[in-house]
Each structure stands twice: as structure tokens, then as C-alpha cells.
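Engineer: Take a look at the following structure, please.
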Amino acid sequence: MTSITTSAIDTPLRRSVERTCDDLAMLVLAAVAVIAGLTFRDYGLGWDDYTHAEYADLLLRMFGSGFKDTAALSFANLYMYGGGFDMVAALLHKIIPLELFETRRLVGAIVGVVGLAVTWRLGRRIGGPLAGLASLLLLALCPIFYGHMFMNPKDAPFAVAMIILMLGLVRLAEEYPKPSPRTILIVGLGAGLSLGCRVLGGLALVYAVLGFVPLFLEELRSEGLRESVRRFAHVVYVLLPGLAFGYLVMGLIWPWSIMEPGNPFEALTYFSHFFEKPWKEMFDGAIVSVPDMPWSYLPTLFALQLPEVMLVLMAGAVVSTFAMLPRSEVPARRKTIMLMLTLAATLPLAIAMVKRPALYNGIRHFVFVIPPMAVLGGVAFAWAMERLRANHRTWQPVVLATFCFGLALSLAEMIRLHPYQYTHFNHIAGTVRGADDRFMLDYWGLALKQASDELREQIVERQEVPPTNRKWKVAVCGPQRPAQVALGPDFTIGWDSNAADFAMTLGEFYCKGLTAPVMVEIKRDDVVFARVYDIRGRSISSLLSIPAP
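If you're matching positions, the sequence shown starts at 1 in this note's numbering and goes up one per residue.
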């Protein structure tokens, strides 16, 4: 695949296709920003939100006390993660008129838009303006990424940090052995942000080492061993200020990581083993304990949850990348760039398939491979259009129409699922309707927010008041703290359904369907995401359909 530097699509417009693609990309970014700004309040809390907000308070208290209050360095297991996102949201909450969790949704949207912009620039740099636009569209219309960017405080920011680092590594490959100060800064910033979010950011070193092999081999052939080593040493030397800057960034957003030199390695060891009491989730129609998930867990979910157009283009790019490696006429820098990008999109999945760690919550822990997948897809699309322009021009409109149709399918599903885009299953799976009986959908319980809002509206409509001397009691099958935040101070919640007035249940396999009047039902594509039952005067022993873990 070669970079697109000439028009890949013939157009009668005076402006070049390159300029048109850039203008369209800016328009897409602006549209996503506006839509995100208008809809971020629609997204509910995830399982981790409340705890992450507490972690942010402890981190800010530590900085404010001059590191005298160090409770943040032993809080749950979150001290082994960075808290940059959480601190930014907590600080912004102090200066804007939004509630804390609304602020967190807004910051998530901003971070997500930054990730989209970086993905566009990376795709453009590798494959030209058309590749950049296609990469941006593939990521912006990927329901999994779009949904997670609002409500996932760990994995979505990590995905953005990793694509920033990938941009730096691609620039480094292009400019080797004389990287510019801007490239050095981007590499350092990306490394600091990535490791500061999750220690898994160290995978980028593997991408770089393996990806640079074609370039190093070319250097050995053309420059000789001594000169190649000298040039490599020079690059390492000039990168040191950027890496030092990255270390400072990592320490700022993940203070525990720099308290002891071995702390990042301790975190890596900790997360390489399952550290919680095992529970069960549904996968492919079977209820499976999370440490026992099969090797097929990730490839199956990626194949069924990513948009079809992204899957096809990404697969084509991966095959083309490995096919180009032995070809001597392909520039070594091109091989290095495409190999790094391919490794970023596939290596984490391959490692997980081989090592089989505990896997749960769908593909949320692997959201960081989706931006490089989008770039691979964008580059593949631009390459295909260029080849058609040169050889089979009449097929260009067909391929373009097919690409747009694939994007339209994703857009339609995103609109239909809003604000539960993260539950998306593609048409191979039969959408969420076909996946409902085989896989978990709303595993983080975002639908409890809408269910809570509608329950309050129903109570006001009916002009009902709680029993004397107490609040309304709601038994919740799902995440408790998010439900409490969504319901507000006029309600008490818990698991006990015996003394409750209402039962709020997710539409997941572990929640019972009750024989009681349904007050609220949250549905998408005819799939129940949550229900609220009126259980006053009824004896309900449990909301769970399986024993609690």
C-alpha cells in the first residue's frame, strides 16, 4: 500500500480531492463534537464511575496536602491505574455548572473527540487525505468506541493515549534517524499518557521493536553495522528528553508509579493474574465463569460487534501488510509503519488468545485496538480507490457506494441504540436482537439511568407519596451505586426485594423476570434493557436468577 498523494476519486470540483477530504474531516469532527455536547447527559454511570470519582478526590487531596495525605496510594486497586481522567473531571467540576457525573460524561466526550482527531491525522499521514477521512469515519461510526468514550474512565482514555503514541512512532519511522523536536515531544507525551492510564501501555515498546525490524535491516544493508549502530544510538540519545518528559507526565497522572522504580512492574504482575472473586457471564449462549472464558472470546466478540465495513477493510490491510514484507520494491519505512500499525491492532488480541487471562465485560478492555484498526481500514480504502483509479475507474463509484452503505448501517444502529451504543452487535450477529439470548449487552447497567428517570416521572404522574416516615425503597438487580445516583435522595436502594416498593432489573441473564406490574420498560430494537416493577404487597424472594458469586 502506498501513500495517496494524487486524486483517488475523480471530481469536477475545482478544489482538489485532498482539500475536499480535509474539509469533510473537519466537518465530521465538528458534527461529532456538537452531537456529543448535546447528548452527553443521556449516558448513565458505569460500574466504576463512583469509585473513580472517589479516587480523583483522594489524588487531589494528596497533591493539595503536599503528599502528606497518601490515602490515594492504597485506595482499592485503583492506585495501580492512572487517575488523569478522573482528576481533570474533578477539577473541571469545580468550575462549570454541571453535576460531577455529568462533568465526567462531558470530559469523556472531549477525550473521545481528541482521539478521533488524532486518528484522522494518523490515517492522513500514512495514506493521504482520503485515508485520513476514511479512518475518521470508521472510528466515529464505530458504536463500540463511540459509546465507550462517554462512560468508560479507563479504557477509552487509554485508547486515545495509545493512538497519540502511535502517531509519534509513525513520525519517528518517517524521520529516522533525525526525529524533529515535535516528534520527540509526541512520543514522550504519548508514552507518558499511555503508561499513566494503564501499565499495558508498555505494549507499544513491543510494537516499536518488532515494527522497526524492516527499517533496521535496510539500514544494515545500506549503511553497514557500525553506521547503523551509530544512527540508532543517536536516535535513542535525542529521544531521552522526550522520554523524560513522558516520565513526568506518567508521574503526574499516576503518582504511585514513580514512588518506587519497580512499581510499574508490580502493577504488571498484579494485573497478569485474576484478582477478584470469580463471577459468571454469558458468552455464546453459555454461562461461563470469567477465568474460564475460551480463547475464542475476543475474536468472536470483535467479529460480531465491530461494523462489517471496518472488519473487511481491516482484514484486507492486515493481509496486505504481511504480503508486502518480503517485497524488496516496497520502501522499508513503509513496511515499518504498516507493521507497527498492524501489531497495534492485532498483537494484544493474539496475546490474550494464547495466554487466556480472565475475560469479561465484552471487549471494553481492548477498546485501545480499535483506533489502529480504523486507520488500517482507512488506509486500505484509500489504497483500493487509488488502484481502481489507475486500472478500473468504473468500479470506483461501486466501491465508494459500498463503503458509504457500510457506514450508514453503523450510523442507523447508533441512532437506534442511543445512548447504549456500546452494546452494539453487527448484522452478522443479527444486531442486539439476535445477540440478546447469547451475549451480554448492557453489562455496565447504563439503562438504569433512563429507568430511574422514568420511575420518578411515573411517581409524579400518579401523584404517589412514599409510606410514612421513610423513603421509597427500590430493590436493584444491577450496579447499586449508579442506581442510587440516578434515583436521587428520595430513594433507598439495595438487593433485598422483600421490603421494597419497586424492583429495578437489568435485562441480563442474571436478573429474574418478575410476575408483577411493569411500571417502566427500557427497550432498544425490541430488546429489554431494563424494567421497573411495582412489587408493593408482593413477596419476592430474590431478583437474581442465579446464585450470587
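All C-beta atoms in this analysis are idealised placements derived from N, C-alpha and C, irrespective of residue type, glycine included.
(1) Label Asn152 either buried or exposed according to how many other C-beta atoms from any shown protein chain fall within 10 Å of its C-beta, with 16 as the threshold for buried.
(2) Could you give the first and the last residue of the continuous beta strand (DSSP E) run that contains Tyr81?
(3) Can you tell me which of the three DSSP states Lys280 falls into?
(4) Taking the continuous alpha helix (DSSP H) assigned at Gly406, which residues delimit it?
(5) Is the number of C-beta pairs between the region 470-482 and the region 494-503 that are closer than 8 Å three or more?
(6) Suppose you measure from the CA of Arg433 to the CA of Arg356; what does that come to, to the nearest Å?
(7) State the Cα-Cα distance for the pair Met293 and Asn426, rounded to the nearest angstrom.
(8) Compute the Euclidean distance between the alpha carbons of Met79 and Val249, then round it to the nearest angstrom.
(9) Quick check on the DSSP output: the beta strand (DSSP E) that includes Lys449 runs from which residue to which?
(10) Would you call the CB atoms of Ala317 and Ala382 closer than 8 Å?
(11) Near Leu195, what residues of its chain come up, given a Cβ to Cβ distance below 6 Å and the 5 sequence neighbours on each side ignored?
(12) May I ask you to list the residues that DSSP assigns as paired with Lys523?
(13) Name the two residues that bound the continuous alpha helix (DSSP H) containing Leu506.
(14) Please state if the CB of Ala350 and the CB of Pro372 are separated by a distance shorter than 8 Å.
(15) With Ile186 as the anchor, note down where its alpha helix (DSSP H) starts and where it stops.
(16) Look up Lys335 in the DSSP assignment and say whether it is helix, strand or coil.
(17) Taking the Cβ atom as the reference point for each residue, do Leu189 and Gly246 lie within a distance shorter than 8 Å?
(18) With the cut-off set at 8 Å, would you say Tyr43 and Asp86 are in Cβ contact?
(19) According to the neighbour-count rule (16 or more other Cβ atoms, all chains shown, within 10 Å of its Cβ), is Ser541 buried or exposed?
(20) What first and last residue would you give for the alpha helix (DSSP H) that runs through Cys477?
(21) Flag this pair as yes or no: are the beta carbons of Met519 and Asp534 separated by less than 8 Å?
(22) With a threshold of 6 Å on Cβ separation, who are the neighbours of Val369 within its own chain once the five nearest residues in sequence on each side are excluded?
(23) Just how far apart, CA to CA, sit Ala429 and Leu306?
(24) For Cys511, which beta-bridge partners are listed by DSSP?
(25) Take every Cβ of the region 145-163, pair it with every Cβ of the region 380-400, and state whether three or more of those distances are shorter than 8 Å.
(26) Alpha carbon to alpha carbon, how far is Val527 from His418? Give it in angstroms, no decimals.
(27) Measuring CA to CA, which of Pro214, Ser410, Gln421 is closest to Glu329?
(28) Tell me the residue span of the beta strand (DSSP E) that contains Ser289.
(29) I think Ala90 touches Leu58, with their Cβ atoms under 8 Å apart; what is that distance to the nearest whole Å?
(30) With 16 other CB atoms within 10 Å as the buried threshold, where does Glu260 fall?
(31) Can we count Ala53 as close to the ligand MN, meaning its CB is less than 7 Å from some heavy atom?
(32) Once DSSP output is grouped into helix, strand and coil, what is the label at Phe265?
(33) Mark Gln463 as exposed unless 16 or more other C-beta atoms lie within 10 angstroms of its C-beta, in which case mark it buried.
(34) Taking Leu106 as the reference, give the member of Ile415, Pro157, Leu203, Ser257 with the closest Cα.
(35) If you pair each beta-carbon of the region 112-132 with each one of the region 25-44, do three or more pairs fall below 8 Å?
(36) Taking the alpha carbon of Cys404 as the reference point, which residue from Leu313, Leu268, Arg524 has its own alpha carbon closest?
Structural biologist: Reading from the atomic positions:
(1) By the 10 Å Cβ count, Asn152 comes out buried.
(2) Per DSSP, Tyr81 lies in no beta strand (DSSP E) segment and is marked neither H nor E.
(3) Looking at Lys280 - three-state DSSP - the assignment turns out to be strand.
(4) Segment 396-417, the alpha helix (DSSP H) holding Gly406.
(5) With the cut-off at 8 Å, the region 470-482 and the region 494-503 touch.
(6) Straight-line Cα distance between these residues: approximately 29 Å.
(7) In this model, Met293 and Asn426 are separated by some 22 Å (Cα to Cα).
(8) Looking at the sequence itself, residue 79 is Tyr, so the reference to Met does not match. Going by the C-alpha atoms only, they are around 16 Å apart.
(9) Here Lys449 belongs to no beta strand (DSSP E); instead the alpha helix (DSSP H) covers 447-462.
(10) No, they are not a contact pair.
(11) So the qualifying residues of the chain are Gly201, Met250.
(12) According to the DSSP secondary-structure assignment, Lys523 is paired through a beta bridge with Val528.
(13) For Leu506, no alpha helix (DSSP H) encloses it; the enclosing beta strand (DSSP E) starts and ends at 502-506.
(14) For the 8 Å CB-CB criterion, Pro372 and Ala350 do not form a contact.
(15) From DSSP, the alpha helix (DSSP H) with Ile186 extends over 181-197.
(16) Look at Lys335 here: in three-state DSSP terms it is helix.
(17) Cβ distance < 8 Å, so Leu189 and Gly246 count as in contact.
(18) No. Outside cutoff.
(19) Looking at its Cβ environment, which holds fewer than 16 other Cβ atoms inside 10 Å, Ser541 is exposed.
(20) Looking at the DSSP string, Cys477 is not in any alpha helix (DSSP H); the run it does join, the beta strand (DSSP E), is 472-477.
(21) In this structure, Met519 lies near Asp534, with their beta-carbon atoms less than 8 Å apart.
(22) A distance below 6 Å between beta-carbons, with the five flanking residues on each side excluded, links Val369 to the following residues of its chain, in chain order: Ala345, Pro348.
(23) Whole-angstrom Cα-Cα distance: 10 Å.
(24) DSSP output for Cys511 lists Leu544 as bridge partner(s).
(25) A contact between stretches requires three or more CB pairs, one per stretch, nearer than 8 Å, and the region 145-163 fails this requirement with the region 380-400.
(26) Looking at the two C-alpha atoms, the distance is approximately 13 Å.
(27) Distances from the alpha-carbon of Glu329 to those of Pro214, Ser410, Gln421 put Pro214 closest.
(28) 286-289 is the span of the beta strand (DSSP E), which, as asked, contains Ser289.
(29) Rounded to the nearest angstrom, the Cβ distance from Ala90 to Leu58 is 10 Å, too far for a contact under 8 Å.
(30) Glu260 comes out exposed.
(31) With respect to small molecules bound, the structure shown includes none, and the ligand MN cannot be examined in it.
(32) For Phe265, the three-state secondary structure derived from DSSP is helix.
(33) Burial call: exposed.
(34) Selection Ile415, Pro157, Leu203, Ser257 evaluated against Leu106 yields Pro157 as nearest (Cα-Cα).
(35) Contact between the region 112-132 and the region 25-44 is present: three or more C-beta pairs spanning the two stretches fall below 8 Å.
(36) Out of Leu313, Leu268, Arg524, Leu313 has the C-alpha closest to the C-alpha of Cys404.
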